[in-house]
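Notes follow the structure.
Number of protein chains: 2
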Amino acid sequence: MQTQQQRRNWKLIIQQFDRAIGKKGVIRRKEELLTYECDGLASYRQRPALVVLPKTTEEVAAAVKICHDNDIPWVARGAGTGLSGGALPVEDCVLIVTARMNRILKVDLDNQQVVVQPGVINNWVTQTVSGAGFYYAPDPSSQIICSIGGNVAENSGGVHCLKYGVTTNHVLGVKVVVPDGSVVDFGGQIPEMPGYDLMGVFVGSEGTLGIATEITLRILKTPEAICVLLADFETIEAAGAAVAGVISAGIIPAGMEIMDNLSINAVEDVVATGCYPRDAGAILLVELDGLQVEVAAGKKRVAKICKEMGARSLTTASDSETRLKLWKGRKAAFAAAGHMSPNYFVQDGVIPRTKLAGVLKEIEALSERSGYAIANVFHAGDGNLHPLILYDESVEGAFEEVEKVGGEILTLCVQAGGSISGEHGIGADKNCYMPQMFNEVDLETMQYVREAFNEKGLANPGKLFPTPRTCGEAANAQKIAQMKSAQLF
Amino acid sequence: MQTQQQRRNWKLIIQQFDRAIGKKGVIRRKEELLTYECDGLASYRQRPALVVLPKTTEEVAAAVKICHDNDIPWVARGAGTGLSGGALPVEDCVLIVTARMNRILKVDLDNQQVVVQPGVINNWVTQTVSGAGFYYAPDPSSQIICSIGGNVAENSGGVHCLKYGVTTNHVLGVKVVVPDGSVVDFGGQIPEMPGYDLMGVFVGSEGTLGIATEITLRILKTPEAICVLLADFETIEAAGAAVAGVISAGIIPAGMEIMDNLSINAVEDVVATGCYPRDAGAILLVELDGLQVEVAAGKKRVAKICKEMGARSLTTASDSETRLKLWKGRKAAFAAAGHMSPNYFVQDGVIPRTKLAGVLKEIEALSERSGYAIANVFHAGDGNLHPLILYDESVEGAFEEVEKVGGEILTLCVQAGGSISGEHGIGADKNCYMPQMFNEVDLETMQYVREAFNEKGLANPGKLFPTPRTCGEAANAQKIAQMKSAQLF
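Structure representation (structure tokens):
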């Protein structure tokens with residue numbers, strides 16, 4: 001029996017896209033489509049039927065309208081760096097890629113705002129305004145390649161989200177093409193608007209409610225001073241206690257990161273910072289920013305707390321060169337993991353800060369039980385864990401076992417009152433875990449909202465929420481067989 | 001013809017509520033119902049059919065379910081201090097009052113969280129945790145009488161929202177009874193959760209999506225030091241320029257307030273602070289908080305900026321007694337307005353900070369044109385204006401004219417790229433202005449979301465969004481005739 005998809009007259013549909021966007025903006029050749037068959041979660045692959053590259057809001061609206069009128073599922077894609085398969089095509093879909101929507105539309109320094117198209121790269125925003133003494137705070141590790149549109153879809157975080165919050169805290173307004181092709185504005189120039197906060201719903205909705213075509217970002221004044229402290233501890237628990245001590249002293253560092261012994265040694269093997277003691281149970285990196293006097297006072301207090309919690313040595317850096325040196329190992333942590341083991345699986349979960357010590361112990365136990373080494377590198381200040389499970393995919397069944405270990409870590413996070421994702425999103429990767437966090441009524445309520453925007457279910461179908469097809473048992477086996485470890489970070 | 005409402009068998013319905021909540025929690029006598037016929041927007045009045053006072057989530061769910069099953073509209077009410085008629089009953093409705101849900105359920109200092117029932121008074125939260133060195137940041141003027149549930153519904157602000165944000169930035173999670181009587185959880189213990197940010201939609205939804213029965217609040221460390229600066233200027237433009245200067249220097253004060261000459265004199269007439277120079281065009285109050293060193297440095301920089309912008313004199317206060325003295329006039333501003341004129345109408349609008357000078361000039365011109373004096377007292381740092389239009393209601397037609405002037409101020413705000421409400425909400429008061437801010441597609445999208453939660457339209461009908469009935473021309477005349485000036489602040 002022919003499906004509806006097979007009956008579609010793609011020739012006529014492609015003509016409509018050619019007219020709406022121009023032939024150069026429509027990719028139809030199979031070999032060219034290959035580029036788009038996965039995002040940063042490279043273990044899932046699906047070739048789209050067609051890729052379109054609009055340049056304006058009007059072209060996006062026209063593309064979405066063609067999909068709507070012809071019942072074609074569509075997926076939005078920014079730079080394709082996402083780690084949860086949010087931009088993974090679905091079968092027989094149109095992929096709407098924002099790569100050509102890369103203009104900075106307005107820089108308003110007086111109101112500390114920048115308006116951008118979604119394809120603008122995260123880092124460009126800071127580059128554009130840094131001369132005038134401003135910067136854009138959210139800084140995912142991929143910030144030199146990821147796009148603002150993707151950041152909005154995934155509500156991206158970064159090292160500095162401890163103090164400054166994640167993407168949703170820095171978006172003031174979005175122009176959105178919703179799935180029926182209409183153009184709506186959520187939020188605006190000022191932070192608080194009456195009516196429902198649909199901008200808040202849109203940010204982090206992972207492409208299921210529409211596609212942003214103009215984004216108004218809040219920019220911040222570049223801090224007068226920045227200082228980084230590196231403290232090393234006998235145990236990871238002591239480092240965790242120092243984190244709790246800093247926070248409960250009322251200090252909010254710009255960032256606070258922990259790396260365990262396994263990660264320290266991997267990093268020293270690869271990038272040889274020379275700053276991270278190989279025999280430390282864990283190191284803690286604390287970045288403070290603000291006024292000179294504030295940073296100077298904070299530095300003293302953080303150092304005192306670290307010493308009280310048993311820090312063996314302390315290094316501080318106020319000039320940018322030494323600061324970069326102290327951060328170098330942390331930034332290289334994922335890359336270094338690739339040198340420890342043929343493959344690794346990075347998990348992303350959140351726990352309340354006060355549960356750090358307990359959950360880390362459980363992860364250690366899990367590592368011993370399963371026989372897989374787990375390196376811990378994480379945003380300690382906000383409890384966002386990134387355990388790296390090391391394995392060798394050439395060993396039969398290893399990936400399936402590792403995926404199970406990853407799932408058990410998520411369960412630990414949920415049991416501790418945390419979350420199954422801190423910053424990588426749910427996408428196609430974790431939708432089956434959503435029922436661990438949300439009960440049926442909660443999920444049903446989200447579905448109602450999805451349907452309010454996306455009545456026909458054409459925008460990024462199968463993502464974010466569990467579906468019987470992807471989360472059923474039979475489908476699960478097939479999915480696991482398809483999956484390999486993620487190689488891009 | 002009998003309406004459905006008239007056909008309802010209230011006797012049977014009341015029996016259901018008696019069983020669900022207990023007789024003491026059901027108010028049915030007409031004279032007792034009178035207390036509930038308005039909220040802080042006293043110009044609108046409507047007696048509810050019944051008032052119920054549940055004590056638990058289960059009782060709220062039972063009450064909402066009874067309404068759902070019997071197609072009875074219902075309105076939630078906290079302390080009833082709202083200024084936009086959000087808790088104004090609608091015809092033949094059940095009013096669900098949270099006054100007996102006044103327990104603080106959990107204090108978790110380690111995770112800086114407090115879980116409360118919705119009837120808990122704003123100020124109690126800080127009182128509960130201040131001994132341990134914490135406080136709850138959002139501080140509406142009504143904070144000693146308003147409830148957290150109402151704050152959540154209206155997304156309340158306050159003097160300190162410049163630095164710390166409004167209610168939505170301090171709510172981590174809510175347990176909500178949605179209009180079909182189900183209980184759902186939005187948000188949680190940790191700030192970032194996957195899935196749609198329905199907590200963000202719920203906060204500020206003005207009772208149209210459900211009723212919060214448990215609220216998890218984020219508490220902050222009490223700052224080490226607080227300092228208040230009072231600067232006086234020849235003109236309000238100069239004070240506005242000082243505000244812009246402070247912000248663009250990268251300083252974010254805890255609060256930044258401007259009062260104009262008319263307000264200064266009214267306040268000095270009534271509370272005689274002795275600190276506010278009667279001949280000043282405007283005074284600027286700046287509160288700085290943080291570490292000792294940070295506040296000391298900020299104080300110097302703010303003083304320098306004020307002097308550069310033409311401040312005639314500067315007073316600073318670091319001890320709490322002098323600080324209170326400097327704030328005293330600002331806190332008494334609305335009360336003092338009542339002494340300037342038999343009646344006054346307070347407007348609440350927002351403009352981008354950089355448009356302050358221009359919009360204030362327009363308001364001055366409007367005052368001259370209309371012949372009504374307008375006093376300006378406002379949260380200058382975030383552009384939240386509170387113009388007080390002075391009038392005498394005993395003069396025939398005065399209120400109607402003043403309402404028109406108030407509407408023109410809102411139009412000015414919208415034209416400047418701002419908002420028709422900063423912190424008082426839309427409720428029954430401003431829903432007819434919503435089309436000035438949002439186009440049809442924007443409002444339609446919000447309606448879809450409303451319907452996703454509130455399919456039968458029973459939760460706070462007629463509020464927040466324009467309806468033909470309340471915003472049609474014929475109805476408008478009737479509404480205006482019913483309206484009088486608000487007397488409660």
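From first to last, the protein sequence lines stand for chains F and B. Be aware that the first sequence starts at 1, since it is given in full-length UniProt numbering, and climbs by one per residue. Be aware that the second sequence starts at 1, since it is given in full-length UniProt numbering, and climbs by one per residue. By construction, the Cβ of each residue, glycine as well, lies at the ideal position given by its N, Cα and C atoms.
- Under the DSSP assignment, residue 345 of chain F falls in the beta strand (DSSP E) whose first and last residues are 343-346.
- Residue 287 of chain B sits close to residue 255 of chain B, with the two beta carbons spaced by under 7 Å.
- Under the Cβ criterion (8 Å, minimum of three pairs), the segment 130-143 of chain F counts as touching the segment 213-231 of chain F.
- In the same chain as residue 360 of chain F, and ignoring 5 residues on each side of it, the C-beta atoms closer than 6 Å to its own belong to 236, in chain order.
- Apart from the 5 residues on each side of it in sequence, residue 198 of chain B sits with its Cβ closer than 6 Å to the Cβ of 186 in its chain, given in chain order.
- For a Cβ distance threshold of 8 Å, residue set 291, 292, 293, 294 of chain B lies close to residue 297 of chain F, ordered along the chain.
- By the C-beta criterion, the segment 161-170 of chain B is judged not to be in contact with the segment 407-415 of chain F, since fewer than 3 inter-stretch pairs fall below 8 Å.
- In the structure shown, residue 394 of chain F falls within a coil segment according to DSSP collapsed to helix, strand and coil.
- Taking the C-beta atoms as reference points, residue 228 of chain B is found nearer than 7 Å to residue 326 of chain B.
- For the pair residue 379 of chain B and residue 346 of chain B, the CB atoms are not nearer than the 7 Å cut-off.
- Not one beta carbon of chain B lies nearer than 7 Å to the beta carbon of residue 73 of chain F.
- Along the segment 253-271 of chain F, there is no position whose C-beta sits under 8 Å from a C-beta of chain B.
- Rounded to the nearest whole angstrom, the C-alpha separation of residue 33 of chain F and residue 101 of chain B is 59 Å.
- A straight line joining the alpha-carbon of residue 46 of chain B with that of residue 315 of chain B spans about 48 Å.
- Contact check between the segment 440-450 of chain B and the segment 370-384 of chain B: fewer than three CB pairs, one atom from each, fall below 8 Å, which does not count as touching.
- By the Cβ rule, the segment 43-61 of chain F counts as touching the segment 16-33 of chain F, because three or more pairs are nearer than 8 Å.
- For residue 258 of chain F, the enclosing beta strand (DSSP E) starts and ends at 255-260.
- About 27 Å separates the CB atoms of residue 86 of chain F and residue 18 of chain F; that is not less than 8 Å, and the two are not in contact.
- Taking the CA atoms as reference points, residue 111 of chain B sits about 7 Å from residue 353 of chain F.
- Around the beta carbon of residue 15 of chain B, fewer than 16 other beta carbons lie within 10 angstroms, which makes this residue exposed.
- Along the segment 452-471 of chain F, the positions whose C-beta sits under 9 Å from a C-beta of chain B are 452, 453, 455, 464, 465, read in chain order.
- Within the segment 177-224 of chain F, the runs of beta strand (DSSP E) that reach at least 3 residues and sit entirely inside it are, in chain order, 183-187, 211-218.
- Burial state of residue 35 of chain F is exposed, judged by a 10 Å Cβ sphere holding fewer than 16 other Cβ atoms.
- In the DSSP assignment, residue 230 of chain F forms a beta bridge with F:285, F:315.
- Residue contact check for residue 250 of chain F against chain B: a CB pair falls below 7 Å.
- Beta-bridge analysis with DSSP links residue 95 of chain B to B:51, B:75.
- Distance from the CA atom of residue 122 of chain F to the CA atom of residue 151 of chain F, rounded to whole angstroms, is 8 Å.
- With fewer than 16 other Cβ atoms inside 10 Å of its own Cβ, residue 9 of chain F counts as exposed.
- For residue 105 of chain F, the number of other beta carbons within 10 angstroms of its own is below 16, and it is reported as exposed.
- Shown here, residue 118 of chain F sits in coil according to DSSP, grouped into three states, outside any helix or strand.
- DSSP links residue 389 of chain B through a beta bridge to B:345, B:374.
- Between the C-alpha atoms of residue 398 of chain F and residue 419 of chain F there is a straight-line separation of about 26 Å.
- Sorting B:134, B:13, B:115, B:341 by C-alpha distance to the C-alpha of residue 394 of chain B places B:341 at the top.
- Classified as exposed, residue 468 of chain B has fewer than 16 neighbouring CB atoms from the shown chains inside 10 Å of its CB.
- Residue 104 of chain B: not part of any alpha helix (DSSP H); member of the beta strand (DSSP E) spanning 104-108, first to last residue.
- Scanning its chain for C-beta atoms nearer than 8 Å, with the 5 sequence neighbours on each side dropped, one finds around residue 407 of chain F the residues 433, in chain order.
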